[in-house]
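Heads up: the structure comes next, in structure tokens.
Number of protein chains: 2
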Amino acid sequence: LPTKGVTEAEAISTLSRHLNRVPRPSNLELGIGDDAAVLRRLVGNLVCSIDCSAEGVHFDLTWLTLAEAAARALVAAVSDLAAMGSRPVAALVNLEVPANAERRDFDAIGRGQRRSGVVLGCPIIGGNIVRGTRWVFTTTVLGGARRVVRRDGAHVGDEIWLIGDCGLARVGLVLLQRGLDVADLPPSHRRAAARCLKAWKRPTAKLQEGVRLVRVASALIDVSDGLANELGHLAHASDARLVVYSEPLLKSIPSSIQRLMFWLGLDPLETVLTGGEDYALLATGASTRRPDFARAIGEVRTGKGAYLETAKGLQALRNGFDHLA
Amino acid sequence: LPTKGVTEAEAISTLSRHLNRVPRPSNLELGIGDDAAVLRRLVGNLVCSIDCSAEGVHFDLTWLTLAEAAARALVAAVSDLAAMGSRPVAALVNLEVPANAERRDFDAIGRGQRRSGVVLGCPIIGGNIVRGTRWVFTTTVLGGARRVVRRDGAHVGDEIWLIGDCGLARVGLVLLQRGLDVADLPPSHRRAAARCLKAWKRPTAKLQEGVRLVRVASALIDVSDGLANELGHLAHASDARLVVYSEPLLKSIPSSIQRLMFWLGLDPLETVLTGGEDYALLATGASTRRPDFARAIGEVRTGKGAYLETAKGLQALRNGFDHLA
Numbered sequence: 617l618p619t620k621g622v623t624e625a626e627a628i629s630t631l632s633r634h635l636n637r638v639p640r641p642s643n644l645e646l647g648i649g650d651d652a653a654v655l656r657r658l659v660g661n662l663v664c665s666i667d668c669s670a671e672g673v674h675f676d677l678t679w680l681t682l683a684e685a686a687a688r689a690l691v692a693a694v695s696d697l698a699a700m701g702s703r704p705v706a707a708l709v710n711l712e713v714p715a716n717a718e719r720r721d722f723d724a725i726g727r728g729q730r731r732s733g734v735v736l737g738c739p740i741i742g743g744n745i746v747r748g749t750r751w752v753f754t755t756t757v758l759g760g761a762r763r764v765v766r767r768d769g770a771h772v773g774d775e776i777w778l779i780g781d782c783g784l785a786r787v788g789l790v791l792l793q794r795g796l797d798v799a800d801l802p803p804s805h806r807r808a809a810a811r812c813l814k815a816w817k818r819p820t821a822k823l824q825e826g827v828r829l830v831r832v833a834s835a836l837i838d839v840s841d842g843l844a845n846e847l848g849h850l851a852h853a854s855d856a857r858l859v860v861y862s863e864p865l866l867k868s869i870p871s872s873i874q875r876l877m878f879w880l881g882l883d884p885l886e887t888v889l890t891g892g893e894d895y896a897l898l899a900t901g902a903s904t905r906r907p908d909f910a911r912a913i914g915e916v917r918t919g920k921g922a923y924l925e926t927a928k929g930l931q932a933l934r935n936g937f938d939h940l941a
Numbered sequence: 617l618p619t620k621g622v623t624e625a626e627a628i629s630t631l632s633r634h635l636n637r638v639p640r641p642s643n644l645e646l647g648i649g650d651d652a653a654v655l656r657r658l659v660g661n662l663v664c665s666i667d668c669s670a671e672g673v674h675f676d677l678t679w680l681t682l683a684e685a686a687a688r689a690l691v692a693a694v695s696d697l698a699a700m701g702s703r704p705v706a707a708l709v710n711l712e713v714p715a716n717a718e719r720r721d722f723d724a725i726g727r728g729q730r731r732s733g734v735v736l737g738c739p740i741i742g743g744n745i746v747r748g749t750r751w752v753f754t755t756t757v758l759g760g761a762r763r764v765v766r767r768d769g770a771h772v773g774d775e776i777w778l779i780g781d782c783g784l785a786r787v788g789l790v791l792l793q794r795g796l797d798v799a800d801l802p803p804s805h806r807r808a809a810a811r812c813l814k815a816w817k818r819p820t821a822k823l824q825e826g827v828r829l830v831r832v833a834s835a836l837i838d839v840s841d842g843l844a845n846e847l848g849h850l851a852h853a854s855d856a857r858l859v860v861y862s863e864p865l866l867k868s869i870p871s872s873i874q875r876l877m878f879w880l881g882l883d884p885l886e887t888v889l890t891g892g893e894d895y896a897l898l899a900t901g902a903s904t905r906r907p908d909f910a911r912a913i914g915e916v917r918t919g920k921g922a923y924l925e926t927a928k929g930l931q932a933l934r935n936g937f938d939h940l941a
């Protein structure tokens with residue numbers, strides 16, 4: 617089955633028209649159009665990661681436009697650089713294209729990638745197109761950093777820091793899954809709903825915060841699959857016990873959003889702990905070095921695993937998300 | 617639908633067990649297991665490319681084992697580095713996993729990637745797993761090179777050079793598509809058939825030749841989608857006319873393989889010009905600088921487009937493959 621009259625060359629030309637408007641790195645020797653892209657000598661370390669955003673798994677086109685899906689895929693990939701304390705240099709994108717793709721789809725994708733590329737300072741310098749059964753964006757991000765922060769450096773006695781919101785994107789997703797438009801909601805919930813929808817549809821990567829954490833954090837990770845899950849990863853990598861407290865976690869959620877959670881039948885604490893895709897950052901570090909943009913939500917203790925401490929005592933946090941389940 | 621009892625952590629652990637046995641680059645600071653991989657300062661330029669090998673498009677599991685498909689996907693990606701005259705440093709792989717995946721599938725993929733990684737000198741230092749509807753390997757390769765060869769440097773008067781075989785993989789694919797085993801063939805064709813099947817199933821990337829061409833070639837590309845197609849790319853990028861001659865092209869095919877082509881009803885010249893996936897190299901350069909491993913198959917003239925010169929005169933070569941068709 618051919619796509620609806622779009623050839624590969626036309627698709628690439630439509631995408632390139634947008635992508636070439638994102639400022640290129642000064643050391644780009646060769647971009648889109650050859651067998652590979654070439655960057656002259658990077659300063660410091662090369663940080664690299666591959667990420668995938670697939671229709672039917674990570675997004676649904678009844679909830680997002682194709683431009684939003686494309687923009688969001690780049691943000692999600694770049695968030696892995698923020699999680700190292702690195703800044704993006706460039707990205708490469710493989711696009712799987714369903715049979716019913718039209719020319720305007722490539723235009724939408726180009727627009728979305730351009731918008732994200734400009735905001736993130738991350739030009740797409742190479743790519744590949746392949747025939748598929750659904751839209752899939754597979755993105756490799758390349759970053760630079762003089763020093764990085766790993767997952768395995770959490771020390772006993774460190775505080776646990778949350779940078780950004782958790783749970784808002786989950787509320788946005790629930791609204792979309794239930795087919796609730798902002799206009800369908802009671803007026804008192806509309807503003808909170810709009811904020812949560814934006815958190816899911818148009819997330820941002822905490823790049824500046826990531827870079828600033830390099831000097832002060834002992835461990836760092838981004839929260840893509842839910843806080844409980846990422847706490848478990850940090851605990852495992854650092855061979856320590858990470859204990860978060862319910863009070864600061866609840867306080868991290870604005871009260872208008874907590875009211876919306878209740879209205880939707882969502883438990884605020886559970887939502888903040890298991891809701892993914894906000895692309896917040898989770899770090900550990902000495903309390904004396906906590907930056908003003910970080911919220912202390914717990915502490916690193918001896919032992920293993922991730923725990924929640926409430927008035928009732930310690931409770932083990934089970935991991936919330938499996939990419940094969 | 618969960619996969620057959622395989623969790624993401626088990627899949628990653630099974631894959632890592634194999635992948636960690638491929639020698640790592642000495643400048644690898646951080647490999648699989650964090651948000652991103654980190655390589656310390658690369659020497660020279662960073663060459664990077666993304667490539668995709670999808671079940672149903674690039675391979676079919678009735679023709680290839682999963683280990684072969686995984687090994688082949690890495691070779692195909694690395695061939696883009698050979699096409700720049702670069703050597704691989706490392707790769708990142710995104711794996712889309714169908715619902716019926718079993719633990720032994722990850723073991724097979726790990727085995728295949730390990731084998732290719734060792735042969736190519738290309739360790740996989742990071743990856744991602746996502747639930748899909750078919751097996752898809754999306755591979756980013758990172759390479760180093762002090763100097764690269766681009767597509768756009770062909771000069772009028774240069775020879776056109778073919779490095780490696782073209783058309784053999786197509787014969788192998790035709791045998792598989794027709795369900796013909798080597799044992800089904802007349803004894804006189806079996807050896808040639810085995811060679812063609814190997815060319816399709818277990819291709820290699822011409823890395824050493826690519827590096828040696830940096831000093832002598834004016835333009836370079838790999839032949840993944842057929843010679844006619846790649847000649848068109850070189851002609852377009854270099855703004856020149858590339859003319860290949862039928863005689864040296866036919867001579868490039870061993871006579872036993874030409875006989876097998878006739879037996880299968882394939883035209884040898886058409887097969888060598890349109891058959892893809894041999895991962896040969898196509899270059900241009902001054903005749904005085906042609907290396908011993910390169911075969912002269914034509915010349916660069918003024919004008920545009922890719923042409924075949926036969927006893928009957930010049931004939932335009934149309935591009936043979938569209939990734940969206």
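Sequence order for the protein chains is D and A. Counting from 1 along the first sequence, just add 616 to a position and that's the residue number in this note's numbering. Counting from 1 along the second sequence, just add 616 to a position and that's the residue number in this note's numbering. Think of the CB as a built atom: it goes at the ideal place given N, C-alpha and C, for glycine as much as any other residue.
Item checked: Spatially closest choice to D:L758 from D:G701, D:R637, D:Y895, by CA coordinates -> It is D:G701.
Note to self: Threshold first: 3 residues or longer. Then list the beta strand (DSSP E) segments lying entirely within the region 668-746 of chain D, N to C.
What the structure shows: If only complete runs of 3 or more residues are kept, the region 668-746 of chain D shows the beta strand (DSSP E) at 703-713, in order along the chain.
Next item on the list: Starting from the N-terminal side, write out each stretch of the beta strand (DSSP E) that is 3 residues or longer and does not extend beyond the region 786-866 of chain A.
Entry: Whole beta strand (DSSP E) segments, 3+ residues: 835-839, 857-861.
Check: Where does D:T630 fall in DSSP's three states?
Finding: Helix at D:T630.
Next item on the list: Kindly list, in the order they appear in chain A, the residues whose Cβ is closer than 9 angstroms to that of D:V709.
Entry: Here the neighbours are I666.
Margin query: With the cut-off set at 7 angstroms, would you say D:I740 and D:A707 are in Cβ contact?
Written below: Yes. Within cutoff.
Next item on the list: Pull up the distance between the alpha-carbon of A:H674 and that of D:L823, whole angstroms please.
Entry: Near 37 angstroms, if we compare the C-alpha coordinates of D:L823 and A:H674.
Check: So, using beta-carbon positions, are A:P864 and A:I913 closer together than 7 angstroms?
Finding: Cβ distance < 7 angstroms, so A:P864 and A:I913 count as in contact.
Margin query: So, under 8 angstroms CB-CB, A:D781 and A:S868 are touching, yes? Tell me the CB distance rounded to an integer number of Å.
Written below: Confirmed, about 7 angstroms.
Checklist line | Straight-line gap, A:E718 to A:A927 (C-alpha atoms, nearest Å) | finding: If you take the alpha carbons of A:E718 and A:A927, they lie about 56 angstroms apart.
Notebook entry, point to check: Whose C-beta lies closer than 8 angstroms to the C-beta of A:R906 among residues of the same chain, with five residues either side of it excluded?
Noted result: For A:R906, where only same-chain residues beyond five positions count, the Cβ hits under 8 angstroms are E775, W777, V832, A912.
Next item on the list: Please list, in chain order, all residues of the same chain as D:Q874 whose beta carbon is under 6 angstroms from its beta carbon, the five residues on each side excluded.
Entry: For D:Q874, where only same-chain residues beyond five positions count, the Cβ hits under 6 angstroms are P884.
Notebook entry, point to check: Counting pairs of beta carbons, one from the region 849-865 of chain A and one from the region 740-754 of chain A, are three or more of them closer than 8 angstroms?
Noted result: Segments in contact, no.
Next item on the list: Could you say which of D:L924, D:A685, D:L813 lies nearest to D:L711 if we only look at CA atoms?
Entry: If we check each option's Cα against that of D:L711, D:A685 comes out closest.
Check: Which whole-angstrom value is the C-beta distance of A:D838 and A:A699, which I expect to be below 8 angstroms?
Finding: 4 angstroms between Cβ atoms; contact.
Margin query: Between A:N661 and chain D, is the shortest Cβ-Cβ distance under 7 angstroms, so that the two count as touching?
Written below: So, interface residue.
Notebook entry, point to check: D:T681: buried (16+ other C-beta within 10 angstroms of its C-beta) or exposed?
Noted result: It is exposed - the Cβ of D:T681 has fewer than 16 other Cβ atoms within 10 Å.
Checklist line | Element boundaries [beta strand (DSSP E), containing D:I873] | finding: Here D:I873 belongs to no beta strand (DSSP E); instead the alpha helix (DSSP H) covers 871-879.
Next item on the list: Starting from the C-beta of D:I648, find all residues in its chain whose C-beta is less than 8 angstroms away, skip the five residues before and the five after it, and write them out in chain order.
Entry: Closer than 8 angstroms at Cβ, skipping near neighbours: I628, S632, L635, N636, I740, I741, G742, G743.
Notebook entry, point to check: Which stretch, first to last residue, makes up the alpha helix (DSSP H) that contains D:E775?
Noted result: That residue, D:E775, is in no alpha helix (DSSP H); its beta strand (DSSP E) goes 775-779.
Notebook entry, point to check: When DSSP builds the beta bridges, which residues end up paired with D:V888?
Noted result: According to DSSP, D:V888 shares a beta bridge with no other residue.
Next item on the list: Excluding the 5 residues preceding and the 5 following A:S695 in the sequence, name in chain order all residues of the same chain whose CB lies nearer than 6 angstroms to its CB.
Entry: Closer than 6 angstroms at Cβ, skipping near neighbours: A821, D838, Y895.
Note to self: Run through chain A and tell me which residues come within less than 9 angstroms of D:L658, C-beta to C-beta.
What the structure shows: Ordered by position in chain A, the residues that pass the 9 angstroms Cβ test against D:L658 are R657, L658, L662.
Item checked: Three-way DSSP call (helix, strand, coil) for A:R917 in this model -> DSSP places A:R917 in strand when its eight states are reduced to three.
Note to self: So, for D:V765: in the same chain, excluding its five sequence neighbours on each side, which residues have a beta-carbon less than 7 angstroms away from its beta-carbon?
What the structure shows: Cβ neighbours of D:V765 beyond the five flanking positions: M700, G701, L829, V830, A833, A835, L836.
Note to self: On the criterion of 16 or more Cβ atoms from any shown chain inside 10 Å, does D:V638 qualify as buried, or is it exposed?
What the structure shows: Around the beta carbon of D:V638, 16 or more other beta carbons sit within 10 angstroms, so the residue counts as buried.
Margin query: Any beta carbon from chain D within less than 7 angstroms of A:M877's own beta carbon?
Written below: So no, A:M877 is outside the interface.
Margin query: D:G773 and D:A851 - do their beta-carbons sit closer together than 7 angstroms?
Written below: Contact flag unset, no.
Check: Name the chain A residues that come within less than 9 angstroms of D:D894, Cβ to Cβ?
Finding: Scanning chain A for C-beta atoms nearer than 9 angstroms to the C-beta of D:D894 yields nothing, as the closest lies near 15 angstroms away.
Note to self: I'd like to know if D:V654 contacts chain A, where contact means its C-beta is closer than 7 angstroms to some C-beta of that chain.
What the structure shows: Taking Cβ atoms only, chain A reaches closer than 7 angstroms to D:V654, which makes this a yes.
Margin query: Closer than 6 angstroms to a non-hydrogen atom of the ligand SAM - does that hold for the CB of A:P884?
Written below: Only the bare structure without any ligand can be found here, which leaves the ligand SAM out of the picture.
Margin query: Please confirm whether D:F716 has its beta-carbon closer than 7 angstroms to some beta-carbon of chain A.
Written below: What sits at residue 716 of chain D in the sequence shown is Asn, not Phe. Taking 7 angstroms as the CB threshold, D:N716 stays off the interface with chain A.
Margin query: Beta carbons nearer than 9 angstroms to chain A: which residues of the region 670-694 of chain D have them?
Written below: For the region 670-694 of chain D, the set of residues with a beta-carbon nearer than 9 angstroms to any beta-carbon of chain A comprises A670, G672, V673, H674, in chain order.
Checklist line | Cβ neighbours of A:P618 in the same chain (closer than 7 angstroms, five flanking residues each side left out) | finding: Per-residue confidence for A:P618 stands at a pLDDT of 44, beneath the threshold of 50, marking its modelled position as unreliable; no derived number is given.
Note to self: With a threshold of 7 angstroms between beta-carbons, can A:R946 be considered close to chain D, or not?
What the structure shows: Nothing about residue 946 of chain A can be read from this structure; chain A reaches only from 617 to 941.
Check: Bridge partners of A:G929, per DSSP?
Finding: For A:G929, which the question treats as bridged, DSSP gives the partners A:T926.
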